[in-house]
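Chemist: Here the sequence shown stands for residues 704 to 820, where the numbers follow our numbering.
Just so you know, even glycine gets a beta-carbon here, dropped at the ideal spot from N, CA and C.
Please read all numbers here as calculations on a predicted model, not as lab measurements.
Quick one: this structure, given as C-alpha cells, is what I'll be asking you about.
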Amino acid sequence: MENCIFCKIINGEIPSDKVYEDEHVYAFRDIEPQAPVHILIVPKDHVASVADISAENSHLAAKCLEAVGKIARIENLSGGYRVITNTGRDAGQTVFHLHFHLLGGAELPAMIVRGAG
Ligand code: DGP
704 MENCIFCKII NGEIPSDKVY EDEHVYAFRD IEPQAPVHIL IVPKDHVASV ADISAENSHL
764 AAKCLEAVGK IARIENLSGG YRVITNTGRD AGQTVFHLHF HLLGGAELPA MIVRGAG
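Take a look at the structure:
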C-alpha cells in the first residue's frame, strides 16, 4: 500500500534488519527496541490492524503467529517471550500495518496485560 512504511520495508524501499521471511511473513528488528530482542512480525499483504482481520484475510494473521515460535527458536528465547499487537489510537498503534511485537531476551517488566506484575 502506498505510503505504508512497513510495505516499503517489505518491498525493500526502506532498509531493515531482517530476521525471518517466508511466503506470507516478513520479520525485522524494531528501530526502537524495548527489550534485548524486539522483533516486528508482519504480513506481506497490507492489513491495517487486528480490527481489519476478516474471514478473507485471517490466514495472514495466522501465518504471522505460526512464525512466532520459529523466530523465538532462531533468537534462542527459551526463557519465554511476550507477543503484543496494538490496535488503534488508544492502544498506541503508530504504524497502521498489522504487526506483532515479539519481545524477549530478559525478564520483561510489568505491563498492563500482566496485571500487578
Ligand atoms: P506500534 O506502536 O505498535 O504501531 O509499533 C510500531 C513500531 O514500529 C514501533 O515500535 C517502532 C517501529 N518502527 C517504526 N518505524 C520503523 C522503521 O522504519 N523501521 C523499523 N525497524 N521499525 C520501525
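Report the rounded CA-to-CA distance for alanine 730 versus valine 740, giving the unit in angstroms.
Modeler: Here residue 730 corresponds to residue number 27 of the sequence shown, with the count starting at 1. Here residue 740 corresponds to residue number 37 of the sequence shown, with the count starting at 1. If you take the alpha carbons of alanine 730 and valine 740, they lie about 12 Å apart.
Chemist: Quick one: what's got a C-beta closer than 7 Å to histidine 727's C-beta in the same chain, skipping five residues either side?
Modeler: Within the sequence shown, the letter at position 24 stands for residue 727. Cβ within range, chain order: Pro746, Lys747, Leu763 and Lys766.
Chemist: Helix, strand or coil for glutamate 759, going by three-state DSSP, please let me know.
Modeler: For the purposes of this step, residue 759 is identified with residue 56 of the sequence shown, where counting begins at 1. The answer is coil: DSSP assigns glutamate 759 none of H, G, I, E or B.
Chemist: Among Ala809, Leu806, Gly808 and His802, which residue has its Cα nearest to the Cα of aspartate 755?
Modeler: For the purposes of this step, residue 755 is identified with residue 52 of the sequence shown, where counting begins at 1. With distances taken between Cα atoms, aspartate 755 lies closest to His802.
Chemist: Please find out if some non-hydrogen atom of the ligand DGP comes closer than 7 Å to the beta-carbon of valine 722.
Modeler: Locating residue 722 in the sequence shown gives position 19, counting from the first residue. Checking every heavy atom of the ligand DGP against the Cβ of valine 722, none is found closer than 7 Å.
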